[in-house]
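*Asks:*
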Amino acid sequence: MKNVGQREPNVIPGFGITLGFTTFFLSAIVLLPLSALVLKAAGLDWSRFVEVIASPRALASYKLSFGASLVAACVNMVFGFALAWTLVRYEFPGRKLVDAIIDMPFALPTAVSGIALTTIFAANGWIGQYLEPHGIHVAYTPLGITVALTLIGMPFVVRTVQPALQEVQRDLEDAAETLGAGRFYIFRRIIVPTVLPALLTGFTLAFARAVGEYGSVIFIAGNKYMETEITPLLIIFRLEEYDYAGAAALGFVMLSISFVMLLAINLLQVWGRKRLMVSR
Amino acid sequence: MAGPTSHADVAAELATRPGYRSARATLVRWLLITVSLTFLGALLAAPLAAVFAMALEQGWSAYFSSFGDEATRASIRLTLTAAAIVVPLNTVFGITAAWCISKFEFRGKSILITLIDLPLAVSPVVSGLIYVLLFGLNGWFGAWLQDNDISIVYALPGIILATMFVTFPYVARELIPLMQQLGNDEEEAAITLGAGGWFTFFRVTLPRIRWGLLYGVILCNARAMGEFGAVSVVSGNVRNLTMTMPLQIEALYNEYNMVGAFAVASVLSLLAVATLIIKTLVEGRTGYRRR
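Chains as they are written, first to last, in the working numbering: chain U, 1 to 280; chain P, 1 to 291.
What follows is the structure in structure tokens.
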């Protein structure tokens, strides 16, 4: 039996057919359509392409999408870490429920979280009514967009940091404490270095998801011209005008960002594994 | 040995006593728990509660009568139809891909895994856009499709394709790590003893992965029924024809029909809650945690 390219003889059947089916299905559903976008954008006249992607309206949308996503990912890094810490280190009533509800943004449709957040943070909403008198406007402002992006990015940080926190060697902490290290010193020198790759991976995942997010944002954004228009919304506008080329150009920008993010996530994970091996 | 004399010495001495430490640790603990839970409550629990509060704002009869609306009924039918087609296809794909990736070693495996995960990194709007560029009027196959009187974009096939793209990785992602962790030993034993490939899959592999598979399918289904961005791009928003439930929520919301919008939203929210419950049960069953 020929097993070229395989490490050891493998008696399990179905390699050819499963690989073939997987590759075919993947190409038909994912790769072919994505290459259609790339080719459409590549076929554009260069000056037209630049005109679309560098228009003041597009630039304003990048600033908003990136800025809000960045702030949301930072907020998630802090609170996501606190949440993961709470879930890993502490026992408290309802811990299992909290652990289960973390995944809610994965399961809840974005349109649902969008209209629900808008209702809560509107001037007369449950939370909005306490913020409005202090001059804090959430609904229909960039702040509202940030809130929505925080919601959808949150599980990414918690779910990547949680297993990393479980990896932290408690005996190392105990040893450090016995040797006279303070809590903050232990946190800075033992816990942070172990968790850092996971924390940065979670941050990047949350950021990547936030940049492309559409459903939960458009309701709370209010979509004011040049002010609260996110980049995906501009693609929709282009399509509504049947400007396929313009939509493809903006879509190409978004897709390039996705690829850069994917690359960053992969590099972070490689780095994390290397650090883990060195420390063992 | 003389006891501690200066104030600083006393403080240092006190700080080493167990009671002092644990008092401060308790304070930090409750502070962290309070902060995390407040964050979670405002961001996750409140919106979920708001969905049901708004849906029932005018009582149960208003809630139930909002499902009598023909457009809402049509959107529920369409969502069920699309999910009934997308979920089985993606399940078959997920099982096939997981078998291929977990049972065999081959070159390019990590690239294949990355490509399967690719739809998760792509903006939902872009996911819809690519199908419009392929099958839309000015798209690659647009002219040919129009000549043959086939509509894909702004019709059911487009909705199915976009949903399939968005939910493509879910079953595979659930199964790949699970099957890699379970290893090949039992399958190898079955094959060596003369069992066929299908027999081995159904009698050896499937019983061991069924809970993970169940959760993958349920999650895929929840995402399929709830997809908004991609479907909104390809659907064209034709009432009674191409409106799925999330699109119907948007339409009702924009018409200020809050009870109607949140009633539909409450159905999808219940689906999400059920998904999370099943996930928790599955994790209890297998003792296995994703990632």
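Even glycine gets a Cβ: it sits at the ideal position worked out from N, Cα and C.
(1) How many Å lie between G222(U) and T110(U) at the Cα?
(2) So which residues on chain U does N138(P) lean against when the C-beta distance must stay under 8 Å?
(3) As an exercise, report each continuous alpha helix (DSSP H) stretch of at least 4 residues that is fully enclosed by the segment 191-271 of chain P, in chain order.
(4) Less than 6 Å separating the Cβ of L32(P) from some heavy atom of the ligand FMN?
(5) Quick one: what does DSSP say K224(U) is sitting in, helix, strand or coil?
(6) Please state whether the Cβ-Cβ distance between F228(P) and G215(U) is less than 7 Å.
(7) Run through chain U and tell me which residues come within less than 7 Å of V233(P), C-beta to C-beta.
(8) Chain P partners of M254(U), CB-CB under 7 Å?
(9) Say whether the segment 241-248 of chain P touches the segment 168-183 of chain P, bearing in mind that this needs 3 or more beta-carbon pairs closer than 8 Å, one atom from each stretch.
(10) Find the nearest neighbour of L247(P) within the set A46(P), L112(P), L78(P), judged by alpha-carbon distance.
(11) Note the first and the last residue of the continuous alpha helix (DSSP H) segment covering T118(U).
(12) Starting from N90(P), trace the alpha helix (DSSP H) in both directions and tell me its first and last residue.
(13) Using CA atoms only, rank isn't needed, just tell me which of V52(U), L131(U), L87(U), D45(U) is closest to V98(U).
(14) For A116(U) versus P47(P), is the C-beta distance shorter than 7 Å?
(15) Kindly indicate which three-state DSSP category P4(P) falls into: helix, strand or coil?
(16) For chain U, is any of its Cβ atoms less than 7 Å away from the one on F168(P)?
(17) When you check each C-beta in the segment 59-71 of chain P against every C-beta of chain U, which residues fall closer than 8 Å?
(18) Taking 8 Å as the cut-off, does the segment 252-267 of chain U touch the segment 155-167 of chain P (at least 3 CB pairs, one atom from each stretch)?
(19) By Cβ distance, which residues of its chain are closer than 6 Å to Y140(U), with the 5 residues on each side in sequence left out?
(20) How is the alpha helix (DSSP H) around N10(U) delimited, first residue to last?
(21) From Y244(U) to F252(U), what distance separates their C-alpha atoms?
(22) Is there a Cβ of chain U sitting closer than 7 Å to that of C220(P), yes or no?
(23) Could one say the Cβ of S258(U) lies closer than 7 Å to chain P's Cβ atoms, at least one of them?
(24) Pairs of beta-carbons, one from the segment 165-183 of chain U and one from the segment 117-129 of chain U, closer than 8 Å: are there three or more?
(25) When the distance is taken between beta carbons, is V211(U) closer than 7 Å to S113(U)?
(26) Figure out for me which residue from A123(U), D103(U), I191(U), P193(U) has the closest Cα to the Cα of M154(U).
(27) Hey, quick one: how far does the alpha helix (DSSP H) through S61(U) stretch, first residue to last?
(28) If you reduce the DSSP assignment to three classes, tell me which class L179(U) lands in.
(29) List in chain order: all unbroken beta strand (DSSP E) runs of 3+ residues lying wholly within the segment 161-214 of chain U.
(30) Which residues in chain P sit within 9 Å of K274(U), going by Cβ to Cβ distance?
(31) Looking at the secondary structure, which residues open and close the alpha helix (DSSP H) in which G128(U) lies?
(32) Can the beta-carbon of I160(P) be found closer than 7 Å to that of A74(P)?
(33) Could you tell me whether any Cβ in chain U is nearer than 7 Å to the Cβ of I209(P)?
(34) Less than 7 Å between CB atoms is the rule here; does P33(U) satisfy it with respect to chain P?
(35) Using DSSP with H/G/I as helix, E/B as strand and the rest coil, what is G41(P)?
(36) For the segment 145-152 of chain U and the segment 62-81 of chain U, state whether three or more C-beta atom pairs, one from each stretch, are separated by less than 8 Å.
*Replies:* Straight from the coordinates:
(1) Residue 222(U) sits at position 222 when you count from the first residue of the first sequence. Residue 110(U) sits at position 110 when you count from the first residue of the first sequence. Computed Cα separation, rounded: 16 Å.
(2) To locate residue 138(P), count along the second sequence from 1; it is residue 138. Result: Y242, Y244.
(3) 197-200, 206-226, 229-235, 245-254
(4) The ligand FMN is absent from the structure shown, which contains no ligand whatsoever.
(5) Counting from one through the first sequence, the residue named residue 224(U) turns up at place 224. In this structure, K224(U) counts as coil in the three-state DSSP scheme.
(6) Position 228 of the second sequence holds residue 228(P). Position 215 of the first sequence holds residue 215(U). Going by beta carbons, F228(P) and G215(U) fall inside the 7 Å limit.
(7) Translated into positions along the second sequence, residue 233(P) becomes position 233. Residues of chain U passing the Cβ test: I236, L239.
(8) The residue labelled residue 254(U) in the question sits at position 254 within the first sequence. Those are S123, V126, listed as they occur along chain P.
(9) no
(10) The residue you call residue 247(P) lines up with position 247 of the second sequence. If we check each option's Cα against that of L247(P), L78(P) comes out closest.
(11) Residue mapping note: residue 118(U) aligns to position 118 of the first sequence, counting from 1. Residues 110-121.
(12) Taking the first residue of the second sequence as 1, we reach residue 90(P) at position 90. 70-103 is the span of the alpha helix (DSSP H), which, as asked, contains N90(P).
(13) Numbered from its first residue, the first sequence carries residue 98(U) at position 98. The shortest Cα separation from V98(U) among V52(U), L131(U), L87(U), D45(U) belongs to L87(U).
(14) If you number the first sequence from 1, residue 116(U) lands on position 116. If you number the second sequence from 1, residue 47(P) lands on position 47. In contact: A116(U) and P47(P) (Cβ atoms closer than 7 Å).
(15) Walking along the second sequence from the start, residue 4(P) turns up at place 4. Low confidence applies to P4(P): its pLDDT is 45, below 50, so where it sits in the model is not reliable enough to give any reading.
(16) One-based indexing of the second sequence puts residue 168(P) at position 168. Residue-level contact by beta carbon holds for F168(P) and chain U, with a gap shorter than 7 Å.
(17) Within the segment 59-71 of chain P, no residue places its CB atom closer than 8 Å to a CB of chain U.
(18) Contact fails: fewer than three Cβ-Cβ distances are below 8 Å.
(19) As a position in the first sequence, residue 140(U) is number 140, starting the count at 1. Here the set comprises G222.
(20) Reading the first sequence from its first residue, position 10 is the one you call residue 10(U). First-last for N10(U): undefined, no H or E at that position.
(21) For the purposes of this step, residue 244(U) is taken as residue 244 along the first sequence, with counting starting at 1. For the purposes of this step, residue 252(U) is taken as residue 252 along the first sequence, with counting starting at 1. For Y244(U) and F252(U), the distance between alpha carbons rounds to 12 Å.
(22) Stepping through the second sequence from its first residue, residue 220(P) is reached at position 220. Not closer than 7 Å to any Cβ of chain U, the Cβ of C220(P) fails to qualify, so no.
(23) Looking up residue 258(U) in the first sequence gives position 258. Chain P, which has a Cβ nearer than 7 Å to the Cβ of S258(U), makes this yes.
(24) no
(25) Taking the first residue of the first sequence as 1, we reach residue 113(U) at position 113. Taking the first residue of the first sequence as 1, we reach residue 211(U) at position 211. No, Cβ-Cβ distance for S113(U) and V211(U) is not below 7 Å.
(26) If you number the first sequence from 1, residue 154(U) lands on position 154. That would be D103(U), whose Cα lies nearest to the Cα of M154(U).
(27) The sequence position of residue 61(U) within the first sequence is 61, counting from 1. Start and end: 56-89.
(28) What you label residue 179(U) is simply residue 179 of the first sequence in a count that begins at 1. Of the three classes helix, strand and coil, the one that applies to L179(U) here is coil, per DSSP.
(29) none
(30) Taking the first residue of the first sequence as 1, we reach residue 274(U) at position 274. Proximity of chain P to K274(U) at the Cβ level (cut-off 9 Å) is not reached, the minimal Cβ distance being about 16 Å.
(31) Here residue 128(U) refers to the residue found at position 128 when the first sequence is read from its first residue. Element bounds for G128(U): 128-131.
(32) Locating residue 160(P) in the second sequence gives position 160, where the first residue counts as 1. Locating residue 74(P) in the second sequence gives position 74, where the first residue counts as 1. For I160(P) and A74(P), no; Cβs fall outside 7 Å.
(33) Translated into positions along the second sequence, residue 209(P) becomes position 209. Not one chain U Cβ lies under 7 Å of I209(P).
(34) Translated into positions along the first sequence, residue 33(U) becomes position 33. Output row for P33(U): interface = yes.
(35) Your numbering for residue 41(P) matches position 41 in the second sequence. Helix.
(36) Three or more Cβ pairs closer than 8 Å define a contact, and the segment 145-152 of chain U meets that threshold against the segment 62-81 of chain U.
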